[in-house]
Amino acid sequence: MSNPALFSLKGRRALITGASRGIGFTLAQGLGAFGADIILNGRQAAALETAQAKLEAEGITTRTSVFDVTDQDQVEAGIAAIEQEGPIDILINNAGIQFRSPLDQFPRHEWDRLISTNLSSVFFVAQAVSRYMIPRNRGKIVNICSVQSELARPGIAPYAATKGAVKMLTKGMATDWARHGLQINGLAPGYFETEMNAALVANQDFSTWLCQRTPAARWGKSDELIGAAVFLSSDASSFVNGHILTVDGGLTASV
Ligand code: NAP
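So in this note's numbering, spot 161 of the sequence shown is number 172, and the numbers just go up one at a time.
And the structure:
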């Protein structure tokens, strides 16, 4: 195989959860640019249709699949409907939320929401997709982790707990499923300017601290995640399994 073909996603179908905006949408653009057909997931049909129109304007074959990743019945029905039209070759488990509060005041329902959206969803969607990938003896799963898979910060202990667990779930999936021809890896973004981080981006003190703390001395731009996502979704990573690829401007390399 020639080198450029290693990274080609032509003819592959990629399902990206939480892809109506933010990192998920950018990864859809990136994988689409490398040839993949895209299936955008989220909970709001209208937002997904707007995102679909943008991708199609870029020449990317796109469909939408509306389901709530925290609802296992919806997940299984959604995956079955996609698979009826064609195989899911690549799954990016990206949907996720954040909630900030002092830990001693952290509301129980927000804890539950974080666990179900950031962690249980990864299990539900990957398990449903694996049941189609395993008999085909091939498939790529990329779980979106975080620098908080490794490092805590004040006010977001529950989020860090979910992302640490996603890291270990990724390693566990690789341990169970690599023998079936699947590659399961994690992609861990540092701090990126997205809607989820709008409050932090607007906070001048935080931004100044972050730029001093990060060796690259700036926020990340979402499209800087594309190269890592394409690598983990393509034949170029055919013997990479259970790895967490960090894209953080050096943040976790340095104290
Ligand atoms: P975002 O801009 O808030 O987008 C989140 C996406 O997830 C939206 O499309 C949202 O659509 C969807 N979503 C939320 N709950 C859902 C559910 N229950 N079912 C289906 N879709 C759901 O977030 P982001 O910043 O791009 O973050 C994406 C991922 O990257 C998350 O896992 C996050 O933890 C991770 N991450 C982000 C950063 C960063 O700097 N932004 C850093 C490290 C890791 P609907 O609300 O319409 O359903």
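Glycine included, every Cβ here is placed at the ideal spot set by N, Cα and C. From a predicted model like this one, the values you see are computed outputs, not experimental measurements.
- One Cα belongs to Tyr202, the other to Lys182, and the distance between them is close to 23 Å.
- Annotation for Ile108 indicates a beta carbon within 7 Å of some heavy atom of the ligand NAP.
- Assigned with DSSP and collapsed to three states, Leu38 falls in helix.
- When the five nearest sequence neighbours on each side are left out, the beta carbons in the same chain lying within less than 6 Å of the beta carbon of Asp246 are those of Leu17, in order along the chain.
- Assignment of Ile237 by DSSP, reduced to helix, strand and coil, places it in the helix class.
- A residue is called buried when at least 16 other Cβ atoms come within 10 angstroms of its Cβ; Lys174 meets this threshold and is buried.
- Excluding five sequence positions before and after Lys178, the CB atoms of its chain that fall closer than 7 Å to its own CB belong to Cys156, Ser160, Gly197 and Ile255, given in chain order.
- Distance from Val86 to Ala139 at the Cβ level is roughly 5 Å; contact confirmed, criterion being Cβ atoms closer than 8 Å.
- Inter-segment contact for the segment 97 to 111 and the segment 141 to 151 is present: three or more beta-carbon pairs are separated by less than 8 Å.
- Within the DSSP bridge table, the entry for Asn196 names Val153 as partners.
- CA-to-CA, the gap between Pro226 and Ser265 works out to about 7 Å.
- Just measuring C-alpha positions, the residue of Ile108, Leu51 and Val251 sitting nearest Thr72 is Leu51.
- Counting C-beta pairs with one atom in each stretch, the segment 29 to 48 and the segment 216 to 223 have fewer than three that are closer than 8 Å, which means they do not touch.
- Under DSSP, Phe203 forms a beta bridge with Gly231.
- As the crow flies, the alpha-carbon of Phe242 is around 13 Å from that of Thr257.
- Counting the other CB atoms within 10 Å of its CB gives Arg190 a total below 16, which places it among the exposed residues.
- Boundaries of the alpha helix (DSSP H) harbouring Ala210: Ala209 to Ala213, taken from the DSSP string.
- Pairing Val212 with Ile145, the inter-Cα distance amounts to about 41 Å.
- If only complete runs of 4 or more residues are kept, the segment 119 to 153 shows the alpha helix (DSSP H) at 119 to 125 and 132 to 147, in order along the chain.
- Relative to the ligand NAP, even the nearest heavy atom lies 7 Å or more away from the CB of Gly41.
- Secondary structure at Ile167: coil, using DSSP grouped into helix, strand and coil.
- Taking the Cα positions, Asn129 is about 7 Å away from Ala106.
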